[in-house]
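Numbering (my numbering), first residue to last: 26 to 433. Beta carbons: idealized from backbone N, C-alpha and C, even for Gly.
Have a look at this one:
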């Protein structure tokens with residue numbers, strides 16, 4: 026399904042409720058499988074979380090998680106400790122191109138029995154679950170935080186717990202911290218000192234507990250972009266959020282001040298308001314090592330405002346649903362931007378014009394579709410394969426209509 030966005034003006038005031046965080050939901054779903062006394066409210070409605078739930082409930086030998094990269098990594102670790110269970114963990118054609126060797130090597134160091142069924146270092150995998158008694162492992166510190174979190178989530182069920190040493194400068198620290206805080210809510214003892222993470226084994230049954238998933242800050246990013254590109258005093262209220270968020274993408278509240286957007290927190294919501302109009306916005310310089318998922322949104326916002334933008338810390342974007350740096354460059358340049366990329370950076374030259382009626386390719390990547398949609402406030406454009414948003418935010422297009430976007 027393609028969607029044509031007609032140049033729009035949104036409502037001056039709007040309110041929306043956003044689905045639960047995919048990152049929090051998938052971590053908690055795995056923990057619930059390990060500790061059934063846990064209950065979860067406001068689970069993400071995303072495809073990824075639904076696939077995670079289905080995989081954890083399945084008794085079949087073949088587990089197909091399609092495009093769900095988080096599920097692939099978390100489930101690789103989970104099935105490694107399911108004693109007596111053998112599964113084949115498979116995914117889409119793109120998943121077969123996404124590396125998993127770093128995680129598999131770490132799990133093998135702990136004693137796991139995992140084989141590659143096609144290409145060395147890539148899914149699909151055959152996993153024979155067993156008791157893992159080794160407890161020390163080392164990873165490069167700049168790898169995807171999902172590899173690290175996959176190990177941390179199963180650590181309390183390992184016979185001797187886990188001592189994980191991270192070699193070098195750590196990236197995506199908020200995602201690691203999120204995992205540790207969720208473990209601690211269950212009563213699991215953790216330690217993160219210098220570059221060493223330790224988790225004690227936890228064999229007892231935890232108390233029955235309900236954890237409410239905070240709404241997804243990555244999903245909020247598109248409304249920050251919309252407000253930034255809107256008229257003065259436009260505001261959108263989003264539920265349900267909290268000021269002491271576990272999510273790294275909550276840095277949006279600080280980042281978007283650069284684009285004239287103010288954030289105010291209520292008990293369970295945020296109000297984002299366009300408080301400043303600048304005809305020549307200042308250059309944006311950001312290190313997004315801890316929040317790479319908002320890079321596409323920020324780059325598109327800067328382009329829509331004609332601002333110069335330099336983003337660093339983007340090395341993990343090349344192994345996402347697509348090579349997001351190449352995809353961003355290709356699609357922004359269709360609209361008239363000038364973009365320079367390396368393996369870890371993006372530089373957007375300032376520009377004063379935006380081409381109209383351009384068709385934006387999404388590359389099976391939900392964030393490409395949603396990041397470019399706010400440009401409908403500046404020009405008309407088409408989003409190809411628009412239903413790809415269901416991966417993380419199935420209600421996205423309906424919510425855009427609710428706030429005033431004109432879609433065909």
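In chain order, 114 and 139 place their CB closer than 6 Å to the CB of residue 150, counting only its own chain and leaving out the 5 sequence neighbours on each side. Counting along the chain, residue 134 sits inside the alpha helix (DSSP H) bounded by residues 126–134.
Taken atom to atom, the span from the alpha-carbon of residue 324 to that of residue 243 is near 14 Å. By the CB criterion at 8 Å, residue 186 and residue 225 fall inside the cutoff.
Under the rule that a run must span 3 or more residues, the beta strand (DSSP E) segments found entirely inside the region 190–227 read 215–218 and 221–224. Relative to residue 311, the option among 303, 333 and 300 whose CA is nearest is 333. Within the region 352–407, the complete alpha helix (DSSP H) runs of at least 4 residues fall at 391–397. Here the C-alpha atom of residue 166 lies approximately 39 Å from the C-alpha atom of residue 300.
DSSP places residue 421 in the uninterrupted alpha helix (DSSP H) bounded by 421–428. Here the alpha carbons of residue 44 and residue 391 stand approximately 15 Å from one another.
Nearest neighbour of residue 338 by Cα position, chosen from 234, 361 and 372, turns out to be 372. The Cβ atoms of residue 63 and residue 211 lie closer than 8 Å to each other.
Between residue 348 and residue 235, the CB-CB gap reaches or exceeds 8 Å.
Taking 4 residues as the minimum length, the alpha helix (DSSP H) runs contained wholly in the region 307–334 are 320–329, in order along the chain.
By the Cβ-count criterion, residue 123 is buried, with 16 or more other Cβ atoms from all chains shown falling within 10 Å of its own Cβ. Of the residues assessed, residue 26 falls on the exposed side of the cut-off, its CB having fewer than 16 other CB atoms within 10 angstroms. Ranked by Cα distance from residue 354, the first of 322, 377, 416 and 382 is 322. The DSSP-derived three-state label of residue 91 is coil. Here residue 157 is not near residue 222, since their CB atoms are 8 Å or more apart. For residue 254 against residue 375, the beta-carbon gap comes to about 16 Å, at or over 8 Å, which does not count as contact. The Cβ neighbour count for residue 92, taken over all protein chains shown within 10 Å, is at least 16; the residue is labelled buried.
Shown here, residue 145 sits in coil according to DSSP, grouped into three states, outside any helix or strand.
Here DSSP, grouped into helix, strand and coil, assigns residue 286 to strand. Within the same chain, Cβ atoms closer than 6 Å to the Cβ of residue 433 are found at 29, the five residues on either side in sequence being excluded. Closest by C-alpha distance to residue 71, out of 89, 426, 421 and 427, is 421. Going by DSSP, residue 114 is part of the beta strand (DSSP E) stretching over 111–115. Comparing alpha carbon positions, the residue from 363, 343 and 352 closest to residue 335 is 363. Taking every protein chain shown into account, the CB of residue 317 has 16 or more other CB atoms within 10 angstroms, so this residue is buried.
CA-to-CA, the gap between residue 203 and residue 246 works out to about 19 Å. Closest in C-alpha terms to residue 180, from the list 330, 146, 52 and 393, comes 52.
Cβ neighbours of residue 283 within its own chain (closer than 6 Å, five residues either side excluded): 309.
Taking every protein chain shown into account, the CB of residue 269 has fewer than 16 other CB atoms within 10 angstroms, so this residue is exposed. DSSP places residue 153 inside the beta strand (DSSP E), whose first and last residues are 150–153.
Taking the Cβ atoms as the reference, residue 427 lies roughly 23 Å from residue 409, outside the contact range of under 8 Å. Comparing alpha-carbon positions, the option among 252, 240, 291 and 257 lying closest to residue 275 turns out to be 240. Spanning the alpha carbons of residue 350 and residue 294 requires a straight line of approximately 32 Å.
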